[in-house]
Structures are given as structure tokens and as C-alpha cells.
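A.B. asks: Submitted below is the structure of interest, expressed as C-alpha cells.
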């Protein structure tokens, strides 16, 4: 290859590099412009409350969830962090699970909240409720629970947070009992009591026996055929192998003979 051919080849290579650089410059600029267009286009902004869809199970109202999220509007969709919004809602005791996701064209945020289920009323009532795992829930949900006809029928007295680890076992056993239980008195941990359709049941303080105690209670379901319920003061199941029925003392009015002169 002579000198002239080499110069022509180098010129063609330089021209190729020149046009390639121009194309890359325009391509990069197009990407930047396109990205800028996307960022400022209304389709990628959350401007109206209607663009935030909230799904709950009834105890947390839509208005309350919006208040907790504290979303500033308008706001570009890409700035909304699902993780941050999830963490805000999970700070509420009533919230069991949260899912937040973003949708485009048009921009939308969807918030799904799964609530904890109140299953027992803490007495006094201003203490709130318990869910099946022993989480204590605020009494503020009482009116909504009544409205939704979901107000718990089980009452718990003497609750203390240290009993949380025991509660799931107690709740499951009580719910599985064929004899209806309406209340649990935990005031004295050494003398736990149940309020049932058969009356007052004394359990003692060993909750490991609870399944056996409730099985013994089931075997006593026909007791009212032998002894009227109004004569039963309590049933002691501290030893489930030897139930003890405590009867009320009958009060007999003494007959008074008229005094004669």
C-alpha cells in the first residue's frame, strides 16, 4: 500500500470517528431530553388524592391512612418510596402487614393494609383489645368494631404485657373448647379463672394443664342435669383428673313461732 492509499484510509477512519461522535452526542442528548420529558410530564406525577388507592379491612379508615402517610402533592412518582411509606404504616399497632406499589400511565400509588383482628376485650374497657398473638390494640376502635358487628365477646381481666407469650396458647385452647367461654380472669396468675356457660371455672396457675382442663370441662357438660346451675358456686379443675364441684350453701330461713302471752 503506497503513501496516498494510507492517507485516504486514515481520512475515511477520521470521518467515521467524527460522525460516530456526533451520533453518540445526539443519542446521549436524546436520552437526557427524553428523561427530562418523562420527569416533567404530568403522567409521571401524583397530583390528586384520587391517584392514591387505599385498601383496608375497615378499622383503619382511608382518611386515617392518608393522614399517616403524610404525602406531599404534587410529587413525581419516582420520588415516592414504597419502603418509606410501608415503614410509616407499620408503626401502628393495628397494622399487621402493608404492601405499597407504584403504577405508571397514569401515575398511581396503591396501598394495601392488612389489619390485626381484635378477638378479646380488655377489662376495664379503656385498655383496648387483644389480637390472637397477644398484641394490645387501642380502645379507639371500639365504635367501629360495633358498627361492623365485630366487637369481641371474650373478656379478659387482669391482663399484663408479660402474659403476651402465653396468650396465643390460651386463646387457641379456649376457642377450641366445646364449652363456651365468655371471660378469662388473669388477675391472680396463681388462680386463673374462666367464665363459662357452666359457671365459674378455677384453673389454678399451671397453664400447661389447660388442654386437659378444658377436656375435663367438656366431660362435665351434662352436669346441669344433675345439679342446677344456680347451686354451683364454681368448678375446680386445678387437678383435671379430679374435678371438684363447689356448691353454694343453702340458706334456710328459720321458722319463727309467734309469741303467745
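Residue numbers (UniProt numbering): 1 to 261. Every residue, glycine too, gets a C-beta built ideally from N, C-alpha and C.
With a CB to CB cut of under 8 Å and the five nearest residues on each side skipped, what residues in its chain are close to residue 53?
C.D. replies: Taking the first residue of the chain shown as 1, we reach residue 53 at position 53. Around residue 53: 108, 109, 110, 111.
A.B. asks: Checking 8 Å against the spacing of the C-beta atoms, do residue 58 and residue 144 come in under that value?
C.D. replies: Here residue 58 refers to the residue found at position 58 of the chain shown. Here residue 144 refers to the residue found at position 144 of the chain shown. Going by C-beta atoms, residue 58 is nearer than 8 Å to residue 144.
A.B. asks: Comparing the C-beta of residue 56 with each C-beta of chain C, is any distance below 8 Å?
C.D. replies: The structure shown contains no chain C, having only a single protein chain.
A.B. asks: Specify the secondary structure class of residue 236 as computed by DSSP and reduced to three states.
C.D. replies: Taking the chain shown and counting its residues from 1, the one referred to as residue 236 is at position 236. Correct three-state label for residue 236: strand.
A.B. asks: Which residues in the same chain as residue 69 place their Cβ atom closer than 8 Å to its Cβ, once the five residues preceding and following it in sequence are excluded?
C.D. replies: One-based indexing of the chain shown puts residue 69 at position 69. Answer for residue 69: 52, 85, 88, 89, 111, listed in chain order.
A.B. asks: Leaving out five residues before and five after residue 247 in sequence, what residues of the same chain have Cβ atoms less than 8 Å from its Cβ?
C.D. replies: Taking the chain shown and counting its residues from 1, one reaches residue 247 at position 247. Counting only Cβ-Cβ distances below 8 Å, and skipping sequence neighbours, we find 227, 231, 232, 233.
A.B. asks: Buried or exposed for residue 185, please, with buried defined as at least 16 other CB atoms from any protein chain shown within 10 angstroms of its CB.
C.D. replies: In the chain shown, residue 185 corresponds to position 185, counting from 1. Buried: at least 16 other Cβ atoms inside 10 Å.
A.B. asks: Within the same chain, show all residues whose beta-carbon is closer than 6 Å to that of residue 117, passing over the 5 residues directly before and after it, in chain order.
C.D. replies: Sequence index remark: in the chain shown, residue 117 carries index 117 (1-based). Closer than 6 Å at Cβ, skipping near neighbours: 131.
A.B. asks: Taking the alpha helix (DSSP H) that residue 86 falls in, what are its first and last residues?
C.D. replies: Here residue 86 corresponds to residue number 86 of the chain shown, with the count starting at 1. DSSP places residue 86 inside the alpha helix (DSSP H), whose first and last residues are 82-90.
A.B. asks: Between the C-alpha atoms of residue 242 and residue 219, what's the straight-line distance to the nearest angstrom?
C.D. replies: The residue labelled residue 242 in the question sits at position 242 within the chain shown. The residue labelled residue 219 in the question sits at position 219 within the chain shown. Straight-line spacing of the CA atoms in residue 242 and residue 219 works out to 12 Å.
A.B. asks: Starting from residue 176, trace the alpha helix (DSSP H) both ways and give me its first and last residue.
C.D. replies: Position 176 of the chain shown holds residue 176. Segment 167-176, the alpha helix (DSSP H) holding residue 176.
A.B. asks: If you reduce the DSSP assignment to three classes, tell me which class residue 143 lands in.
C.D. replies: Translated into the one-based positions of the chain shown, residue 143 becomes position 143. Of the three classes helix, strand and coil, the one that applies to residue 143 here is helix, per DSSP.
A.B. asks: Secondary structure at residue 211, three-state DSSP: helix, strand or coil?
C.D. replies: Walking along the chain shown from the start, residue 211 turns up at place 211. In this structure, residue 211 counts as helix in the three-state DSSP scheme.
A.B. asks: Taking buried to mean at least 16 other C-beta atoms within 10 Å of its own C-beta, is residue 55 buried or exposed?
C.D. replies: One-based indexing of the chain shown puts residue 55 at position 55. That one is exposed.
A.B. asks: Quick check on residue 172: buried or exposed, where buried means 16 or more other Cβ atoms within 10 Å of its Cβ?
C.D. replies: Here residue 172 refers to the residue found at position 172 when the chain shown is read from its first residue. Exposed.
A.B. asks: Using a threshold of 8 Å, state whether the C-beta atoms of residue 101 and residue 82 are closer than that.
C.D. replies: On the chain shown, position 101 is the one that residue 101 refers to. On the chain shown, position 82 is the one that residue 82 refers to. Contact: yes.
A.B. asks: Taking the alpha carbon of residue 94 as the point to measure from, which residue in 245, 138, 249 has its own alpha carbon closest?
C.D. replies: Mapped onto the chain shown, residue 94 falls at position 94. Comparing Cα positions, the closest option is 138.
A.B. asks: Assuming residue 123 is part of the beta strand (DSSP E), what are its boundary residues?
C.D. replies: Here residue 123 refers to the residue found at position 123 of the chain shown. First-last of the beta strand (DSSP E) with residue 123: 120-123.
A.B. asks: Rounded to a whole number of angstroms, what is the C-alpha to C-alpha distance between residue 207 and residue 67?
C.D. replies: Here residue 207 refers to the residue found at position 207 when the chain shown is read from its first residue. Here residue 67 refers to the residue found at position 67 when the chain shown is read from its first residue. The alpha-carbon atoms of residue 207 and residue 67 are separated by roughly 42 Å.
A.B. asks: Could you give the DSSP three-state label for residue 162: helix, strand or coil?
C.D. replies: For the purposes of this step, residue 162 is identified with residue 162 of the chain shown, where counting begins at 1. Helix at residue 162.
A.B. asks: Using alpha carbons as the reference points, say which of 142, 60, 225, 239 lies closest to residue 114.
C.D. replies: Taking the chain shown and counting its residues from 1, one reaches residue 114 at position 114. Selected option, being the one with the closest Cα: 60.
A.B. asks: Classify residue 105: buried if its beta carbon has 16 or more other beta carbons within 10 angstroms, exposed otherwise.
C.D. replies: Here residue 105 is taken as the residue at index 105 of the chain shown, counted from 1. When all chains shown are included, residue 105 counts as exposed.
A.B. asks: Use the C-beta contact count for residue 154: other C-beta atoms within 10 angstroms, 16 or more gives buried, fewer gives exposed.
C.D. replies: Counting from 1 along the chain shown, the entry for residue 154 is found at position 154. Classification of residue 154: buried, given that the 10 Å Cβ count is 16 or more.
A.B. asks: Residue range of the beta strand (DSSP E) that residue 202 falls in?
C.D. replies: Counting from 1 along the chain shown, the entry for residue 202 is found at position 202. Element bounds for residue 202: 199-204.
A.B. asks: When you compare each of 150, 187, 120, 180 to residue 168 by their alpha carbons, which one comes out closest?
C.D. replies: Counting from one through the chain shown, the residue named residue 168 turns up at place 168. Measuring from the Cα of residue 168, the nearest candidate turns out to be 120.
A.B. asks: Can you tell me the Cα-Cα spacing of residue 195 and residue 179, whole angstroms?
C.D. replies: Position 195 of the chain shown holds residue 195. Position 179 of the chain shown holds residue 179. Those two C-alpha atoms are separated by around 10 Å.
A.B. asks: Per DSSP, residue 185 is paired with what?
C.D. replies: The residue you call residue 185 lines up with position 185 of the chain shown. Looking at the DSSP assignment, residue 185 forms a beta bridge with 157, 193.
A.B. asks: Mapping the DSSP letters down to three states, classify residue 96 as helix, strand or coil.
C.D. replies: Working through the chain shown from its first residue, we reach residue 96 at position 96. In the structure shown, residue 96 sits in a strand (DSSP, three-state: E or B).
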